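K.L.:
Protein chains: 2
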Amino acid sequence: MRGYGQYCPVAKAAEVLGERWTMLIVRDLMEGAHQFNDLYAGLPGISRTLLSQRLRRLQADGLVERRNGAARPGYWLTALGLDLQPAIFALGEWAVRNYGHDPKRDELHPEVLMLWIERHVQRDALPPGRYVVRFEFRGARPPRAWLVVEDRTPTVCHDDPRFECDLVVSADIPTLHRVFAGRLAVSAALREGSLVLDGTADERRRFTRWFGLSPFAPAARALAG
Amino acid sequence: MRGYGQYCPVAKAAEVLGERWTMLIVRDLMEGAHQFNDLYAGLPGISRTLLSQRLRRLQADGLVERRNGAARPGYWLTALGLDLQPAIFALGEWAVRNYGHDPKRDELHPEVLMLWIERHVQRDALPPGRYVVRFEFRGARPPRAWLVVEDRTPTVCHDDPRFECDLVVSADIPTLHRVFAGRLAVSAALREGSLVLDGTADERRRFTRWFGLSPFAPAARALAG
DNA sequence: CAGTATCCTCGAGGATACTG
DNA sequence: CAGTATCCTCGAGGATACTG
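Chains W and P, in that order, give the protein sequences. Counting from 1, position 97 in the first sequence corresponds to residue 98 in this note's numbering; the numbering is continuous, with no gaps. Counting from 1, position 221 in the second sequence corresponds to residue 222 in this note's numbering; the numbering is continuous, with no gaps.
#1: With respect to the beta strand (DSSP E) encompassing E66 (chain P), which residues constitute its N-terminal and C-terminal limits?
#2: Taking CB distances under 8 Å as the criterion, tell me whether G213 (chain W) reaches chain P.
#3: Among P:T156, P:F37, P:L83 and P:E193, whose alpha-carbon lies nearest the alpha-carbon of R73 (chain P)?
#4: So, for E137 (chain P): in the same chain, excluding its five sequence neighbours on each side, which residues have a beta-carbon less than 8 Å away from its beta-carbon?
#5: Helix, strand or coil for T209 (chain P), going by three-state DSSP, please let me know.
#6: So, for P155 (chain W): in the same chain, excluding its five sequence neighbours on each side, which residues have a beta-carbon less than 6 Å away from its beta-carbon?
#7: Does DSSP classify F136 (chain W) as helix, strand or coil?
#8: Could you check where the beta strand (DSSP E) with L148 (chain W) kicks off and where it finishes?
#9: Should the region 177 to 191 of chain W be regarded as contacting the region 208 to 221 of chain W, the criterion being three or more beta carbon pairs within less than 8 Å?
#10: Need the endpoints of the beta strand (DSSP E) that D167 (chain P) sits in, please.
#11: Can you give the Cα-Cα distance for Y132 (chain W) and R58 (chain P), rounded to whole angstroms?
#12: Which same chain residues end up closer than 7 Å to L116 (chain P) when comparing Cβ atoms and leaving out the 5 residues on each side of it in sequence?
#13: Measure the C-alpha to C-alpha separation of S215 (chain P) and C166 (chain P) and round it to an integer number of angstroms.
#14: On the CB-based measure, 16 or more other CB atoms within 10 Å of its CB, does L198 (chain W) come out buried or exposed?
#15: According to DSSP, is R131 (chain P) part of a helix, a strand, or is it coil?
#16: Could one say the Cβ of Q7 (chain W) lies closer than 8 Å to chain P's Cβ atoms, at least one of them?
#17: Is A202 (chain W) buried or exposed, if buried means 16 or more other CB atoms sit within 10 Å of its CB?
#18: Which residues mark the beginning and the end of the alpha helix (DSSP H) in which G75 (chain P) is found?
#19: Between G93 (chain P) and the rest of its own chain, which residues show a CB-CB distance below 7 Å, the 5 nearest in sequence each way excluded?
#20: Residues bridged to C158 (chain W) by DSSP?
#21: Which of the three DSSP states, helix, strand or coil, is assigned to L52 (chain W)?
#22: Whose C-alpha, out of W:P10, W:P128, W:G213 and W:N69, is nearest the C-alpha of Y100 (chain P)?
#23: Bridge partners for D199 (chain W) per DSSP, in chain order?
#24: Short of 7 Å in beta carbon distance, which residues of its chain neighbour E66 (chain W), apart from the five on each side in sequence? Order them along the chain.
#25: Alpha carbon to alpha carbon, how far is A15 (chain W) from R3 (chain W)? Give it in angstroms, no decimals.
#26: How would you call A225 (chain P), buried or exposed, if buried means at least 16 neighbouring beta carbons within 10 angstroms?
#27: Cα separation between V113 (chain W) and A88 (chain W)?
#28: Measuring straight from C-alpha to C-alpha, what distance separates M233 (chain P) and V150 (chain P)?
#29: Check the Cβ-Cβ distances between P128 (chain P) and every residue of chain W, and say whether any is below 8 Å.
#30: Residues in the region 88 to 121 of chain W with C-beta within 9 Å of chain P's C-beta atoms, listed in sequence order?
#31: Need the endpoints of the alpha helix (DSSP H) that S215 (chain P) sits in, please.
Here it is as structure tokens:
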């Protein structure tokens, strides 16, 4: 995107963030995605070429840096990029306030939703060692997914990992999304039966602690009243 | 712009605001531009066709409505559009915090700067009747412009209106911009002589009251210390 | 796993001329 | 003053195949 040739703060922000996908990449980096393939999985429709290009542009603009030193190399927001948090949050809150309703059927990819859930798992609430949860989507395709935790690090699997499951979570995708988004309380979903937990009483209780909600859940909750 | 097919608040916001020019159009509407030609003048580089298209899209998305009833028909933000103010402001503040320095020479159009100044004039501080101020840009092209006020309504003229001037403001464009942006206090500019006011003592004093700064001036000032 | 190189398409938007 | 219609260009990005 060419610049606007206007020395206006809003124009400058639009210049850096205005290209297609860029804001979503920043959002994903904020929510804990750092590897190329992790980012790629969270952006259905983008091509690998384009993601690569956008990441290079973000590096050139100083919002993102590639860290090679760590155990797993990856992309991280710089201080400049992290400083965008309040602004991106304000944009999201605007959308929540005004468009918070009726997700269209084809806007709910089970894979992406599971990725978001994975990214927001409350790690401290997870048990040590291996921990496996199966999600049953009730008629969606794919019909199920697994959240496999090893040493408090969750990973979504779409193929049966063939481990014993500590808990089974059953809900259709819209319900699971409404819960994640904070528009339906876990307790209310359990009560009405749109969300069903299958496991020991301890595990069912533990779910409410490790299952993290969207950062926009408080805003959505505030709307509901 | 096609949507992202993701039911995420940030994606939704990016969908509505992410097209080139759209955010700047919203910004201009927030700052008091309402007529097609007024918007057009504030967006150097856009084509009339594209502006028209973007305005139609903004109407379809519910951010803008066309009001035909008023004395001058024009485009106005709806409640949905106005609700974007905090988010757009946060984006601008991010840019001010991080890119607040070194405007490039060709990013400072005298015409656009004068338009911004016109839009932020403090009307209550203007005298009734006709009031005319000439701006001398010291070597820029065009070299001067007039702010003609009739009944507290300011209009920028780039051709000599042939009225007597109540005040002459001399400053090069970068200085005038720094003052408008809040990065150089009027008092400091006057002291160092980069801004010169020519008129009666009363008129010179009045200038500091009607000359309004950018909405981002407080953020810029805060940076300066 | 994390990208890059190459080719090709198609649609956004510029230029120009026009209108109520 | 406030746009619209038409034509045409060019460059963003998809598809595909490839690599350290």
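C-beta atoms are modelled at their ideal positions from N, C-alpha and C, and glycine is treated no differently. These figures come from a predicted structure and were not determined experimentally.
P.N.:
Reading it off the structure:
#1: First-last of the beta strand (DSSP E) with E66 (chain P): V65 to R68.
#2: no
#3: With distances taken between Cα atoms, R73 (chain P) lies closest to P:F37.
#4: Short of 8 Å from the beta carbon of E137 (chain P), and not among the five residues preceding or following it, lie these beta carbons of its own chain, in chain order: P144, R145, V169, V170, S171 and A172.
#5: Helix, per DSSP.
#6: E119, V122 and L148
#7: strand
#8: L148 (chain W) -> beta strand (DSSP E) spans R145 to E151.
#9: A contact exists between the region 177 to 191 of chain W and the region 208 to 221 of chain W.
#10: From DSSP, D167 (chain P) is part of no beta strand (DSSP E); its letter is neither H nor E.
#11: 49 Å
#12: A42, G43 and V157
#13: 25 Å
#14: buried
#15: strand
#16: Yes - at least one Cβ of chain P is within 8 Å of the one on Q7 (chain W).
#17: exposed
#18: Element bounds for G75 (chain P): not the alpha helix (DSSP H) but the beta strand (DSSP E), G75 to L78.
#19: F217
#20: Under DSSP, C158 (chain W) forms a beta bridge with W:W147.
#21: helix
#22: With distances taken between Cα atoms, Y100 (chain P) lies closest to W:P10.
#23: In DSSP, D199 (chain W) forms a bridge with W:V169.
#24: Q60, W77 and T79
#25: 11 Å
#26: exposed
#27: Computed Cα separation, rounded: 23 Å.
#28: Residue 233 (chain P) is absent from the model: chain P starts at 2 and stops at 226.
#29: no
#30: A88, I89, F90, A91, L92, G93, E94, W95, A96, V97, R98, N99, Y100, G101, P104, K105, D107, E108, L109, H110, V113, L114 and W117
#31: No alpha helix (DSSP H) holds S215 (chain P); DSSP gives it neither H nor E.
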